[in-house]
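Q:
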Amino acid sequence: EFSDRVCFFYDGKIAEQGPPDQFFGNPQNERTRQFLSAVLEAR
2 EFSDRVCFFY
12 DGKIAEQGPP
22 DQFFGNPQNE
32 RTRQFLSAVL
42 EAR
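Numbering (our numbering), first residue to last: 2 to 44.
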C-alpha cells in the first residue's frame, strides 16, 4: 500500500479524489477514465 487517497488534477483543479480502490476501480469523472484508459493501454 502506497497511499490512502489519490487525486487527479485536470485544468489546475482536482477532478477526482478518493481511496485507490475506488479511484482505479470505479472512476466517476470522465477525464479520469480517459487518463486511466490511456495509461493502462500504454502498459
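By construction, the Cβ of each residue, glycine as well, lies at the ideal position given by its N, Cα and C atoms.
Which same chain residues end up closer than 7 Å to P28 when comparing Cβ atoms and leaving out the 5 residues on each side of it in sequence?
A: Translated into the one-based positions of the sequence shown, residue 28 becomes position 27. Closer than 7 Å at the Cβ level, and outside the excluded window around P28, lie E17, R34 and L37.
Q: Measuring CA to CA, which of L41, A43 and P21 is closest to E2?
A: Within the sequence shown, residue 2 is the residue found at index 1, counting from 1. Nearest of L41, A43 and P21 to E2, Cα basis: P21.
Q: Would you identify the three-state DSSP class for Q18, choosing helix, strand or coil?
A: The residue you call residue 18 lines up with position 17 of the sequence shown. Correct three-state label for Q18: strand.
Q: DSSP state of F25, grouped into three classes?
A: In the sequence shown, counting from the first residue as 1, residue 25 sits at position 24. DSSP places F25 in helix when its eight states are reduced to three.
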